[in-house]
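Report on the structure given below.
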Amino acid sequence: MALLVLEKKKKPDVTDYRRLLSSKGRAVSTAVEDMSQRADASQCGGVMVEFESDNIRDARAEKATRIPGSALIYLRGPKFLIYVSGALSMWGDRMWHFAISVFLIELYGRNLLLTAVFGLVVAGSVLMFGALIGDWVDRNPRNKVAHASLFVQNISVTICSIVLMLVFSYKQRIEQIWDGWLTVVCYTVVIVLADVANLASTALTIAIQRDWIVVITGYNRGHLAGMNATMRRIDQVTNILAPLAVGQVMTLASNVVGCGFILGWNLVSLIVEFFFLSRVYRIVPALSAKPPSVAVDQAYLLRIERKRLQGEGNVARPQALTEGNCNSSLHLKEITDLPLCFRRFRWLVSTCKDGWMAYYRQPVFLAGMGLAFLYTTVLGFDCITTGYAYTQGISGSLLSLLMGVSAITGLMGTVMFTRLRKAYGLVNTGIISSCLHLGCLLLCVCSVFAPGSPMDLSLLMPDITSNSSTALGGMTGQRQKHTYPTMGGSNQPLLPDRSSIHWTNNTVLFDNVPSGTAPESYISIILLFLGVITARIGLWSFDLTVTQLLQENICESERGVVNGVQSSMNYLMDLLHFIMVISAPQPQHFGILVIISVFFITTGHTMYFLYAHKAKRKRRLDT
-1 MALLVLEKKK KPDVTDYRRL LSSKGRAVST AVEDMSQRAD ASQCGGVMVE FESDNIRDAR
59 AEKATRIPGS ALIYLRGPKF LIYVSGALSM WGDRMWHFAI SVFLIELYGR NLLLTAVFGL
119 VVAGSVLMFG ALIGDWVDRN PRNKVAHASL FVQNISVTIC SIVLMLVFSY KQRIEQIWDG
179 WLTVVCYTVV IVLADVANLA STALTIAIQR DWIVVITGYN RGHLAGMNAT MRRIDQVTNI
239 LAPLAVGQVM TLASNVVGCG FILGWNLVSL IVEFFFLSRV YRIVPALSAK PPSVAVDQAY
299 LLRIERKRLQ GEGNVARPQA LTEGNCNSSL HLKEITDLPL CFRRFRWLVS TCKDGWMAYY
359 RQPVFLAGMG LAFLYTTVLG FDCITTGYAY TQGISGSLLS LLMGVSAITG LMGTVMFTRL
419 RKAYGLVNTG IISSCLHLGC LLLCVCSVFA PGSPMDLSLL MPDITSNSST ALGGMTGQRQ
479 KHTYPTMGGS NQPLLPDRSS IHWTNNTVLF DNVPSGTAPE SYISIILLFL GVITARIGLW
539 SFDLTVTQLL QENICESERG VVNGVQSSMN YLMDLLHFIM VISAPQPQHF GILVIISVFF
599 ITTGHTMYFL YAHKAKRKRR LDT
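Numbering follows my numbering, in which position 18 of the sequence shown is assigned residue number 16; successive positions increment by one, without gaps.
Okay, here's the thing in structure tokens:
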């Protein structure tokens, strides 16, 4: 017995070491363990289910039960700080996106040209620089990325608001300087600053919602799903309330006061978000553990060397740049002799190419592409759908009510996502959400052929014979009643004002509607919005599914660049739907746009079904 006791004293078990480390500094040991496990997960391309040890988790739960002020602990925790910071950022983004569109319309004489140019510049810049932004997020420490993005975004909006206040206050004087060219300069400055703010917002979204959240949850899939759903709920609420708030300020006061309100909000939000993100970075040690970045020139030269060796058929790994590697050094010397600006440009092009290739190599490539295809649609509460609703006799008050209902259904989608994921798994949740989304959109397809639909295919066929035109004349004349023709001069508003709508015995009655312009049937527009609103349940559940799949299956070293390319794909497909509208702008063409939108959405969900089939087959083979 004595010998056994001595042997136990000589060989203490692992728990004794952990207790010793805990007494000296539990935070250090936890950080080291997180680093090693996360590195293993990155190498194998997977994600650890739970990085926290049972002892730490049990101790934390016991402490929460002992302290009566556990709510205070939660309020000081990283999750709540991320929620508040995200809410402030989303609120500011929604206010700014709404206000800048209105400001540009007001500046250019109630014309949509500046708004269209701004939308094209924003989409094109994210499409071009999405991969570069993601690569920048990957190569730099997390706190520097978040702080720099936050600072650039808010300062850009602040300066842009100041310029807009000056333009609105001294517009007549500015138009007289330099023969009106100063006005063009002001417009250019506003659009450029707004675009820079959008790029910084994209970088901040990738850093916080695609990277920080994964680390904060300890790579726990259940906690990650909960945080993703909560962030999406915050986004849904701010998407409704933020434009309403700044719109009321602009309506009750003026555009100058609206600019001042946005300016003040961004300055206060900058300070609060900076403090909250800094605190989260301090209390979550795992955020500071990130693979060291490689110098720009060194990374580019290593990439060139790797491609050269692969081209020669050398299957060995490329060696590090050393003095002994004569052939490599000669080849690299030729590259380094190039001018610095040329080397930088080649590095930018190579980074973009490698980013898109990395996106293509991901196991969740089809799922990401499926999500991007869902952006090519007119079936959403954007300016296109609301403009069509106006032409069909729907007032602004009813549209705002329908937007509120759509926000509620979007929140229902986030709740459904968490429950389906827990019951059926993440991949099956995407399948169920896709089927629900497509099923609801069938109502939109039915609305195209329902009574009251203004669709007229003859407008797309100018070479139609006179007999066919005569045969279709009666039907066309009836359906043109659903549109509101523009009367008067060129300054006449395209969308005339609508009075309130009353619901009586399931029939919509309009007050003060001109004779001969009231729609004869509301079945089509009711089916359209019924499909759009109910489809948002499956849409947001599917969006959360793909978002978490990207978070779980992308290596930490490529998380930023892959999500940057995903943002570029989303903007690219969003551009396509604007091109569709430009090609068929009349309300009589909207039915065709609906059918094309459903086709793109079906294609996107088909891509996800293919991904789900491959993922399940791989899982069966592994088991």
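Quick reminder that beta carbons are idealized off the backbone N, C-alpha and C, glycines included.
Which residue comes first and which comes last in the alpha helix (DSSP H) that contains M229? First-last of the alpha helix (DSSP H) with M229: 219 to 250.
Close Cβ partners of L86 (< 8 Å) along its chain, the five nearest in sequence each way excluded: So the list reads S267, V270, E271, once near-sequence residues are dropped.
How about F116 and I98: do their beta carbons lie closer than 8 Å? A distance below 8 Å separates the beta carbons of F116 and I98.
So does the stretch 587 to 604 actually touch the stretch 168 to 183, counting three or more Cβ pairs closer than 8 Å? Short answer: they don't touch.
Beta carbon of P452, beta carbon of P241: below 8 Å? Not a contact, by the Cβ cut-off of 8 Å.
May I ask which residues mark the beginning and end of the alpha helix (DSSP H) holding P76? Element bounds for P76: 76 to 105.
Note down the Cα distance separating L396 from C381, rounded to an integer number of angstroms. Roughly 15 Å between the two C-alpha positions.
Going by beta carbon distance, what residues of the same chain come within less than 7 Å of A610, once the five residues before and after it are set aside? Hits under 7 Å: V425, G428, I429.
Report yes if the C-beta distance between A370 and M578 is below 8 Å; otherwise report no. Between A370 and M578, the CB-CB gap reaches or exceeds 8 Å.
For S404, does the three-state DSSP call read helix, strand or coil? Helix at S404.
Should the stretch 589 to 599 be called in touch with the stretch 155 to 171, which here means at least 3 C-beta pairs below 8 Å? No, the stretch 589 to 599 is not in contact with the stretch 155 to 171.
If you draw a straight line from the C-alpha of W210 to the C-alpha of V188, how long is it? Counting only the Cα atoms, V188 lies some 31 Å from W210.
In its own chain, which residues sit with a C-beta less than 8 Å from the C-beta of R615, not counting the 5 before and 5 after it? Residues of the same chain with a CB within less than 8 Å of the CB of R615, apart from the 5 flanking positions on each side, do not exist.
Please go through the same chain and pick out, in chain order, the residues whose beta-carbon is closer than 7 Å to the beta-carbon of F527, but skip the five residues on each side of it. Excluding the 5 residues flanking it on each side, F527 has same chain C-beta neighbours closer than 7 Å at L400, in chain order.
Chain-order list of residues whose beta-carbon lies under 6 Å from that of V282 (same chain, five-residue window excluded): Taken in chain order, the residues that qualify are P76, I214.
Compare the beta carbon distance of V143 and A205 with 8 Å and say whether it is the shorter of the two. Going by C-beta atoms, V143 is nearer than 8 Å to A205.
Secondary structure, alpha helix (DSSP H): runs of 4+ residues fully inside the stretch 399 to 449: Runs of the alpha helix (DSSP H) inside the stretch 399 to 449: 424 to 447.
In whole angstroms, what separates the C-alpha of D352 from that of E104? Cα-Cα distance, rounded: 42 Å.
Do the stretch 339 to 348 and the stretch 533 to 546 make contact, defined as three or more Cβ pairs closer than 8 Å? Contact between the stretch 339 to 348 and the stretch 533 to 546 is absent, because fewer than three Cβ pairs lie under 8 Å.
Between the beta-carbon of C184 and the beta-carbon of V165, is there less than 8 Å? C184 places its beta carbon less than 8 Å from that of V165.
For N138, three-class secondary structure by DSSP: In the structure shown, N138 sits in coil (DSSP, three-state: anything other than H, G, I, E or B).
Contacts around A129, its chain only, beta-carbon distance under 7 Å, and the 5 residues preceding and following it disregarded: Cβ within range, chain order: T349, C350, G353, W354, V559, G562, V563, S566.
L372 (DSSP reduced to helix, strand or coil): Correct three-state label for L372: coil.
What is the DSSP secondary structure of E173, reduced to helix, strand or coil? Helix at E173.
Counting along the chain, where does the alpha helix (DSSP H) carrying C184 start and finish? From DSSP, the alpha helix (DSSP H) with C184 extends over 179 to 205.
The alpha helix (DSSP H) spanning A610 covers which residue range? Counted as a single uninterrupted DSSP element, the alpha helix (DSSP H) harbouring A610 occupies residues 588 to 620.
Just mark L191 as buried or exposed, buried being the case when its beta carbon has 16 or more other beta carbons within 10 Å. Classification for L191: buried.
Have a look at G258, Q207, S167, L112 and flag the residue whose alpha-carbon is nearest the alpha-carbon of T228. Here the closest residue by C-alpha is Q207.
Below 8 Å between beta carbons: does that hold for D136 and S555? Their beta carbons are under 8 Å apart, which means D136 touches S555 by this criterion.
First and last residue of the alpha helix (DSSP H) that includes V579? That run of the alpha helix (DSSP H) goes 557 to 581.
Since I believe V82 is in contact with F622 (beta carbons under 8 Å), could you give me their beta-carbon distance rounded to a whole number of angstroms? Absent from the model: residue 622. The displayed extent of the chain is -1 to 621, so no value can be given.
Tell me whether the beta-carbon of I131 lies closer than 8 Å to the beta-carbon of A201. In this structure, the beta-carbon distance from I131 to A201 falls below 8 Å.
Just verifying my parser: in three-state terms, what is the DSSP assignment at A144? Here A144 sits in helix by DSSP.
CB-CB length for G450 against S393, believed under 8 Å: No, G450 and S393 are not in contact; Cβ-Cβ is about 16 Å, not under 8 Å.
I521 and Q390: beta carbons closer than 8 Å? No, they are not a contact pair.
Cα-Cα, which of N253, T156, L372 is closest to K169? That would be N253, whose Cα lies nearest to the Cα of K169.
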